[in-house]
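If you count by numbering that gives the first Met the number 0, then the first sequence holds residues 0 to 1070, one letter each, in order.
Ideal Cβ placement from N, Cα and C applies to all residues, glycine included.
One structure below.
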Amino acid sequence: MSRFGEVDDQYDPHALEERVFEYWDEVDAYEQTKQHRADGESYFFVDGPPYTSGAAHMGTTWNKSLKDVYIRFLRMQGYDVTDRPGYDMHGLPIETKVEEQLGFENKKDIEEFGEDEFIDACKEYADEQLEGLQEDFKSFGVWMDWDDPYKTVEPEYMEAAWWGFSKAAERGLVEQGHRSISQCPRCETAIANNEVEYEDVEDPSIYVKFDLTDREGKVVIWTTTPWTVPANTFVAVDEEGDYVGVRAEKEGEEELLYVAEAKHEEVLKEGRYEDYEVVEELSGEEMLGWSYDHPLAEEVPEHPDHEGAREVYAGDYVDTHGDGTGLVHSAPGHGEEDFERGRELGFPVFCPVGSDGVYTEEGGKYEGQFVKDADEEIIADLEDSGAMLSSGTVSHSYGHCWRCDTGIIQIVTDQWFITITDVKDELLENVEDSQWYPQWARDNRFHDFVEDAPDWNVSRQRYWGIPIPIWTPEGRDDDEDMIVVSTREELAERVDQDVDPETIDLHKDTVDDLTITEDGTTYTRIPDVFDVWLDSSVASWGTLNFPEDQRRFDELWPADLIIEAHDQTRGWFWSQLGMGTTAMGEVPYERVLMHGWALDEDGRKMSKSVGNIVQPGEAIERHGADVMRLFLLSVNPQGDDMRFSWDELRNMENSLRTLWNVFRFPLPYMRLDEFDPDETTLDDADDHLELVDEWVLARLQSTKETMTEELEAFRQDRALEALLEFVVEDVSRFYVQAVRERMWDEEDSGSKRAAYATIYRVLRETVTLLAPYAPFVAEEIYGTLTDEDGYDTVHMEDWPAVDDSRVDEQLEEDVAFLRAIEEAGANARQQAGRKLRWPVPRVVVAADDERVAAAVERHNDLLADRLNAREVELVDPDERWGELNYSAEADMSVLGPAFGGRAGEVMTALNEARIDDPTLESLETAANELLDEPAEITDEMVSFVTETPEGVAGTAFGTDGDDCGVVYVDASLTDDIESEGYAREVIRRVQEMRKELDLDVEERIALELSVDDDRVASLIDEREALILEEVRADEFSTVDVDERDGHRKEWEVEGVDIELAIVPLTTSDTV
RNA sequence: GGGCCAAUAGCUCAAUCAGGUUGAGCGCCACUCUGAUAAGGUGGAGGCUCUCGGUUCAAAUCCGAGUUGGCCCA
């Protein structure tokens, strides 16, 4: 890249990106950029580790693009930003993938294969996936420390988890206990409630009658899990609910049934009773203590039979108006609520189901059967014993394992918990210490989640995870006398075996064999591993290699910023808060930017089964990485989901193409004139700056100001919008148009140098502002503009500061008015049928506003030039231009309060009235003619609008929707105007012929001109000099196009035939 | 079943906090211009502002109930 060198005619993202990747390697751009900021103020960003299974999808790509744009922005602001990427590599998802690859079906297969081999296979798989992800992230230009990612499977990271957990244990927040948990019977492990995915399935729906023992009648319960009936321990009612006793008759037999009042009709219908009668009304309270027979007493001999079992109790989870019968079958060995209530009642837990979902010996007749398979037999047994009131199926949502999709079961097992409910208040306080974007995510969503969060079950009965560092006395597995090891160092000191803390791997296969002997007691490790969410929960110190590295932790912790999607409310945002609070007493992050999910073009979730996934690779393929990033960064990140849109990608490519064209436009001229930005700085050229230069520089300042504010508020979408508007609207559509002629000028001039200096400054700062968003194209443009003069990479530049001396809000406002006038003028011209090429004698601007009038006065010449008018006349706000009609425009905000219900009617009348002079009296008269009842009109209710008179075209103009006045274009013709008009027509056609001959801009020509109309011919003759100069012709002469490779063409201009011929002149021909 | 968020032109969004005749960009159609141009300019078509109620002189906006989508929880 040499300064102002030749660049691609067309913006070609792929070739460009390839060049930039190579260039970055060549100059070590990333390393240099980091080094450049090494002495800056620290900014601790923590990467939320993506899980290493599968490739980067659009959501991850959005996430990493957001991280990249803020890291780059912060660096440009001078911060030394931490940028260590992380990967979450443990856990069940990887285990199941590996099991699939190896063709395993359950844990027994793993045990046979060998734990250590299985762990190795998981490691290998996770590493492979990591490589793929890294390549994906690099492919769209994310700059993070790819050579040194933190991995949750490395010993130093696992140690960070041990350390955090041991801190929680020191505070007495680690506990072992029976809990009702969601169990995946295939994976044979507990899974967290939030790992349960709900799906609609068809399940049994049975109504069962339990015979009362101390009175006549039966209580009726409903369940969708017949397999939990063996463990039935009690029935729960709503103490304050209304219940009824119903005498019901079917097939000649009569029975007394108790159900909730609200449900009795439905229940009896289910049971197909022929007739029934409500014979008793009672409250739930009256039923407390009733006892009943276990319906499967014979089949399950060991069924709960202790003191207090098989009786009716109050339960706050009962709803007499919900599903079921208002009496709830309760089995503390299964359901979570049942378990809690059973514990309150002091009942022992009866759970006849093993971790694999198969009935144990306690299951009696059903021993050895998988619970779901036993449903059928249980239903049959209940029917045989006459306990079944009704048996059918129901479609409802039921929990499934998030990884293997097996239906989960609720069973009670021994698990390890961090009892975060003991520090709930502290958690809620700590939430307030973090700042969230958007804030509602913290105050509503996150706050509610934290408030309701149960104790954290951190144990999993699996292999690929961080082993829980708890050693218990041999033969016991409770939390009394447990030892919690916090570091590798401590491990080496305490275990009986010889262990090198430097080299030990902390996985299960290694640590399971280690024992601790203290005071004559031998301790062994509990076999469980951590819930994978615990891994990433310690990322804020794990990424700093703490506790091994104390210095960095002291310097940096807690994190300044984390950026993740809204599903992490229950995930990483939560797990970090929980772990940070229990281990450190603090929330480990200060700022959270929460973004949404990437949805498909129709607003639906991208999913394999729907087949609507858009791969980031495809977007890059079609439009390039810069364009994809621009799109991803142009959508609101704060909490909202994003809809992917190919149309928007195209729009972004158009914007970049415009930037590219703006950038390459001045290059040939700069080369030709050997413009040197060091010699001709903006300050040097200050005296020669023209109004448009000053204006575009002022716009640049306000663009920088807006962008900085928006980026600091984490609205990179608005910052980008401001930048692209500046590039497309201000630089391309206005400045470049206005400045072109100055650059075509062959003579060296102060004005031309000022234009160069201006556009150089604008481009250089623009690409710097663009660099965090589109790092590739920004790099190439920067390189071409600076060459040896700048940094090796644009990403080392400082974030451009506002130059106060160039700020000019007045000028920005003036030009906004002028542009509005120009736009309206073009409209009026079109109405009058006069092209812009043809001058008009006069344009009249009727200003509504002093500021507009002042702007027109200040910039009369510029306006005349842009409108191609000989003269621009101003009509001041308090004056009127003759020959105008007027109409009124009603102001509803005044009319409404004044007229109430009639306001609409009055508005219409006012809008439709037409008057000759803009006075209130004549308007009121005209309006009242249209109204049934006269209305009294006041000054504030209306504003007058001028109406176009005959012969002159007028168009209203305004900025931001406010009317500012009207532009009138007088399109009458004079000889002088026709002369110039025709000359311009000729010039344009000669230019087109030059282009068709592919002549260089500066190449000179000879021109032959014959006009088939004497009057027009003489009009054109008057502008001979103008034509020669504009088309770079040395002379009018007869030319021989065949001999000199010229070009001859017939044209029709405004009904007149004109024949033009040109030939290029060689240097020797030139006079 | 519950919580949070969203719904406005074909598309992306603004206007909603603080009620006052719905807007921009892109796309489409027609015309036009062209010495950076896959560009530029002008005009046009395109809206029961998701639905139904309520408050108000006046609702895209406030309130209530729904529908659809997204995330979370059960």
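Collapsed DSSP secondary structure at residue i in the structure displayed
i, result
"Arg841", "strand"
"Met0", "Summary for Met0: the model assigns pLDDT 48, below 50, so the residue's position carries little reliability; its value from the coordinates is reported in the next sentence. Looking at Met0 - three-state DSSP - the assignment turns out to be coil, as it is neither helix nor strand."
"Asp677", "coil"
"Met143", "coil"
"Leu817", "helix"
"Ser52", "coil"
"Ile1113", "Since the first and last residues shown for the chain are 0 and 1070, residue 1113 lies out of range."
"Ile780", "helix"
"Gln409", "strand"
"Phe369", "strand"
"Val1070", "Its pLDDT being 42, under 50, Val1070 is placed unreliably in this model, and the coordinates cannot settle the point."
"Leu1006", "strand"
"Glu201", "strand"
"Ser1036", "coil"
"Glu239", "coil"
"His333", "coil"
"Glu600", "coil"
"His302", "coil"
Residue from the options with nearest C-alpha to residue i
i, options, result
"Glu1074", "Val219, Ala955 and Asp747", "This structure does not reach residue 1074, given that the chain is present from 0 up to 1070, and the question cannot be answered."
"Leu15", "Ala721, Phe139, Met57 and Glu517", "Phe139"
"Glu260", "Gly244, Lys249 and Tyr272", "Gly244"
"Ser354", "Glu239, Asp451, Ile180 and Glu310", "Ile180"
"Ile936", "Val893, Val258 and Thr581", "Val893"
"Ala247", "Glu239, Gly216 and Trp226", "Gly216"
"Glu130", "Gln100, Ala54, Ala160 and Glu169", "Ala54"
"Val1030", "Lys994, Glu1042 and Val1038", "Lys994"
"His784", "Arg763, Phe20 and Asp791", "What sits at residue 784 in the sequence shown is Leu, not His. Considering only alpha carbons, the answer is Arg763."
"Gln100", "Gly113, Arg83 and Cys121", "Cys121"
"Val1040", "Leu1027, Ile1004, Arg1014 and Glu1021", "Ile1004"
"Tyr242", "Glu375, Thr222, Phe233 and Val278", "Val278"
Residues of its chain near residue i, where Cβ-Cβ distance is below 6 Å and the 5 sequence neighbours each way are ignored
i, result
"Leu560", "Phe44 and Arg590"
"Thr757", "Asp692"
"Trp659", "Tyr10"
"Gln128", "Thr51 and Ser52"
"Lys249", "Tyr272 and Glu273"
"Tyr42", "Leu73, Tyr78, Val80 and Asp559"
"Gly391", "Ser204"
"Glu647", "Phe630"
Sequence-distant residues of its chain with Cβ nearer than 8 Å to residue i (five each side left out)
i, result
"Asn867", "Leu835, Arg836, Trp837, Pro838 and Val839"
"Leu65", "Ile562, Leu592, His594, Leu631, Leu632, Pro636 and Gln715"
"Asn456", "Arg178, Ile180, Ala189, Ala191, Gln414, Trp415, Phe416 and Asp530"
Cβ neighbours of residue i in the same chain (closer than 7 Å, five flanking residues each side left out)
i, result
"Tyr358", "Pro351, Val352, Tyr365, Glu366, Gly367, Gln368, Val370 and Ala373"
"Val793", "Val766, Thr767, Ala770, Ala777, Glu778 and Tyr781"
"Gly288", "Glu310 and Val311"
"Val727", "Ser654 and Thr657"
"Ser748", "none"
"Trp463", "His89, Gly90, Ile93, Glu94, Ile118 and Cys121"
"Ala982", "Ile1019, Arg1022, Leu1025 and Ile1026"
"Thr1069", "Confidence in Thr1069 is poor, its pLDDT being 46 and thus under 50, which makes the residue's placement unreliable; the coordinate value appears in the next sentence. Closer than 7 Å at the Cβ level, and outside the excluded window around Thr1069, lie Arg1003 and Asp1033."
"Lys63", "Phe136 and Val141"
Bridge partners - residue i, DSSP secondary structure assignment
i, result
"Thr359", "For Thr359, which the question treats as bridged, DSSP gives no partner whatsoever."
"Pro468", "In DSSP, Pro468 forms no bridge with anything."
"Leu936", "At residue 936 the sequence reads Ile, which differs from the Leu that was named. Answer by DSSP bridge pairing: none, since Ile936 is not bridged."
Residue i: CB within 8 Å of a non-hydrogen atom of the ligand ADP
i, result
"Leu762", "With respect to the ligand ADP, the structure shown offers nothing to examine, as it has no ligands at all."
At a cut of 8 Å, does the region 712-732 reach the region 625-642 through at least three beta carbon pairs? yes
Looking at C-beta atoms only, is the number of pairs between the region 844-860 and the region 807-816 that lie closer than 8 Å three or more? yes
Could you check whether the region 139-154 touches the region 525-543, counting it as contact only if at least three pairs of C-beta atoms, one from each stretch, sit closer than 8 Å? yes
Pair every Cβ in the region 158-177 with every Cβ in the region 465-480, then say whether three or more of these pairs are closer than 8 Å. yes
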